[in-house]
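Note that the protein sequences, when read in sequence, are chains H and S.
Under this note's numbering, the first residue of the first sequence carries the number 728, and numbering increases by one thereafter.
Under this note's numbering, the first residue of the second sequence carries the number 364, and numbering increases by one thereafter.
Taking it in order: structure first as structure tokens, then the write-up.
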Amino acid sequence: MGNLLYNYEEAVALILFSIGFMTLLFHKNLLRKLIGMNIMDSGVYLFLASMGYIYGRRAPIVENGDVSAEHYVNPVPASLVLTGIVVSVSVTAVMLSLAVRLYERYHTLNLDEIYAAARTRREHR
Amino acid sequence: MKKAKKAPKTQPETAKVSGTAASSIKKWLDFDLDIDSLPVPPPRESAEDDGGDETPLLSRIPKSAPRFVYTALAAICSIVLTATLILTVEGMPRYGEDQDYMDTVTYEYITHGMEYTGAVNIVAGIILEYRAFDTLGESFVLFCAVTCVLVLLRADSADSMPEDVVFRDLSHDAILRRTVLAIVPLVFMFGVYVLLNGHLSPGGGFSGGAVIGAGLVMVSVAYGGDVSGRIVSERVFKIVTTCALSFYCLGKSYTFFTGANGLHSIVGNGTPGNILSAGLILPLNVAVGMVVACTVYGIYRMFDKRSF
């Protein structure tokens, strides 16, 4: 056993990522796939946030003009998480609207049934 | 949610389509890559009889073998991915320890960030000065997302929701109206506070804009789209997002140009800690916040009523 027990936070983040990945693969419902995608995103955020943390240090907001690097946690992962959150919100919105359109056209959210309906429609043409 | 009609599974097509496992996998893969299957404008008459008739939908797809193969491959993928990730975690440095790999970039950000950008909040300094073009890209990602949602969910599409999907209209609920009336001013105030203090405290354009957008969504839920539409109509949405993004582009280009060439810039850093300091970070936060608020509200309205 190396650092796995010490890195429990990263381990939990990556287990969360795996749970989201499995949800994405194993469920047929489009909304569940979308939720799986969001769980994956959350895992990535937790991973980045825990990578930046250092025991006993403050959040990277300068207090009393103290700018020594020994007193603050790593600010770079925080800004990366911001990028991730924005992109995930945008992707979720676009995927949800695509799901709405699919539901309107095929009256189902099951991906297999959507495939089948699209195939029958193509054969009719 | 409407359950699709369960099709009878004993259809002659099943045997014809599934055949051997290999051929059905091939068909299943072919289907994925076939551009014809993408929604080219469908013939309307077939769109009409799609809902009503008893076409056995499920029998057309090769069901048994590909599904099993797919599940097995997915399980293998998941196990391999999880194992790799956990092994990687085991090899990583310990959580929360002092990081020797805290590289020169981080060191530079912390020790000189406040001096160069004027922002007390180092993360705000990073995302709106050092990595400002990245943040501009994020704003454009949001803008593209709301544009895609607008294109996809316009009310003039020929397809329609099934009749049994009913959305409750909550805009005449007295309790909801009173509660929203009490809460919404506080929400807006908090959003504006977070927006304007982005360079001094945790927060900034994205979080403050999301709070303001949530306030607009609350107004829209409780009072209907007419009231919230008076605050943000489609015209206001277009003007605000375009102006905010253009201001971001031009202002940031100006400071980057002057900074890179050592020219004198009219935008000073001010005294760190004051509300009017940190150069362009405050106006850029306001611009980003307006884009985010309009985006959140616009996406909600499009999903709710199919129009602004």
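Think of the CB as a built atom: it goes at the ideal place given N, C-alpha and C, for glycine as much as any other residue.
Since we're looking at a predicted model, the values are computed, not measured.
Taking the straight line between their C-alpha atoms, what separation do you get for residue i and residue j?
i, j, result
"Leu829/H", "Asn756/H", "12 Å"
"Thr621/S", "Leu743/H", "45 Å"
"Cys507/S", "Met749/H", "29 Å"
"Arg848/H", "Thr819/H", "28 Å"
"His535/S", "Ile594/S", "19 Å"
"Val672/S", "Ala738/H", "There is no way to answer for residue 672/S, as the model of chain S reaches only from 364 to 671."
"Ile442/S", "Thr451/S", "14 Å"
"His798/H", "Arg785/H", "6 Å"
"Phe771/H", "Asn730/H", "It should be pointed out that residue 771/H corresponds to Val in this sequence rather than to Phe. Those two C-alpha atoms are separated by around 19 Å."
"Met778/H", "Gly811/H", "15 Å"
"Asp461/S", "Ile449/S", "22 Å"
"Cys612/S", "Leu809/H", "20 Å"
"Tyr660/S", "Val512/S", "12 Å"
"Leu836/H", "Ala826/H", "7 Å"
"Ser745/H", "Ser769/H", "11 Å"
"Phe666/S", "Met552/S", "26 Å"
"Thr434/S", "Glu840/H", "17 Å"
"Arg598/S", "Gly592/S", "10 Å"
"Gly763/H", "Asn734/H", "24 Å"
"Gly792/H", "Val813/H", "31 Å"
"Pro456/S", "Gly476/S", "26 Å"
"Leu544/S", "Tyr586/S", "10 Å"
"Asn765/H", "Val432/S", "26 Å"
"Glu411/S", "Ser824/H", "The predicted model places Glu411/S with a pLDDT of 43, which falls under 50 and marks its position as unreliable, so this point remains unresolved."
"Gly500/S", "Thr634/S", "29 Å"
"Gly454/S", "Leu732/H", "11 Å"
"Ser596/S", "Glu850/H", "44 Å"
"Glu736/H", "Leu807/H", "18 Å"
"Glu478/S", "Ser616/S", "21 Å"
"Arg832/H", "Ser640/S", "53 Å"
"Arg430/S", "Ile662/S", "35 Å"
"Cys440/S", "Phe600/S", "44 Å"
"His834/H", "Ser815/H", "26 Å"
"His754/H", "Thr498/S", "34 Å"
Answer yes or no: do residue i and residue j have a C-beta to C-beta separation smaller than 7 Å?
i, j, result
"Gly571/S", "Val590/S", "no"
"Ile788/H", "Gly459/S", "no"
"Val580/S", "Ser817/H", "no"
"Phe774/H", "Ala796/H", "no"
"Gly566/S", "Asn560/S", "yes"
"Val853/H", "Thr474/S", "Any property of residue 853/H remains undetermined from this structure, which presents chain H solely from 728 to 852."
"Leu516/S", "Arg669/S", "yes"
"Met822/H", "Leu752/H", "no"
"Ala446/S", "His562/S", "no"
"Met767/H", "Gly747/H", "yes"
"Val547/S", "Val582/S", "yes"
"Asn632/S", "Gly481/S", "yes"
"Val550/S", "Gly576/S", "no"
"Ala573/S", "Val655/S", "yes"
"Thr618/S", "Ser609/S", "no"
"Ile485/S", "Tyr472/S", "yes"
Identify the residues that DSSP records as bridge partners of residue i: which are they?
i, result
"Arg785/H", "Tyr799/H"
"Gly459/S", "Ile781/H"
"Asn837/H", "Asn756/H"
"Ile484/S", "The question names Ile, yet the displayed sequence has Asn at residue 484/S. Asn484/S is bridged to Ile788/H."
Figure out for me which residue from the options has the closest Cα to the Cα of residue i.
i, options, result
"Val468/S", "Asn730/H, Ile766/H, Pro802/H", "Pro802/H"
"Val651/S", "Phe569/S, Cys612/S, Tyr660/S, Tyr433/S", "Phe569/S"
"Met653/S", "Ser502/S, Asn637/S, His627/S", "Ser502/S"
"Val483/S", "Ile638/S, Cys657/S, Val655/S, Asp532/S", "Ile638/S"
"Thr658/S", "Thr510/S, Ala438/S, Ser640/S, Ser616/S", "Thr510/S"
"Ala776/H", "His834/H, Pro804/H, Glu790/H", "Pro804/H"
"Leu758/H", "Leu838/H, Leu807/H, Ser806/H", "Leu838/H"
"Leu533/S", "Thr498/S, Gly588/S, Tyr479/S, Lys615/S", "Gly588/S"
"Gly614/S", "Phe496/S, Cys440/S, Glu478/S, Ser640/S", "Phe496/S"
"Glu790/H", "Ser564/S, Leu436/S, Ile662/S", "Ser564/S"
Stretch pair the region 536 to 549 of chain S + the region 611 to 626 of chain S: three plus CB contacts closer than 8 Å: no
Contact the region 598 to 606 of chain S vs the region 832 to 849 of chain H: 3+ CB pairs below 8 Å: no
contact_flag[the region 642 to 651 of chain S, the region 488 to 505 of chain S] where n(CB pairs < 8 Å) is 3 or more: yes
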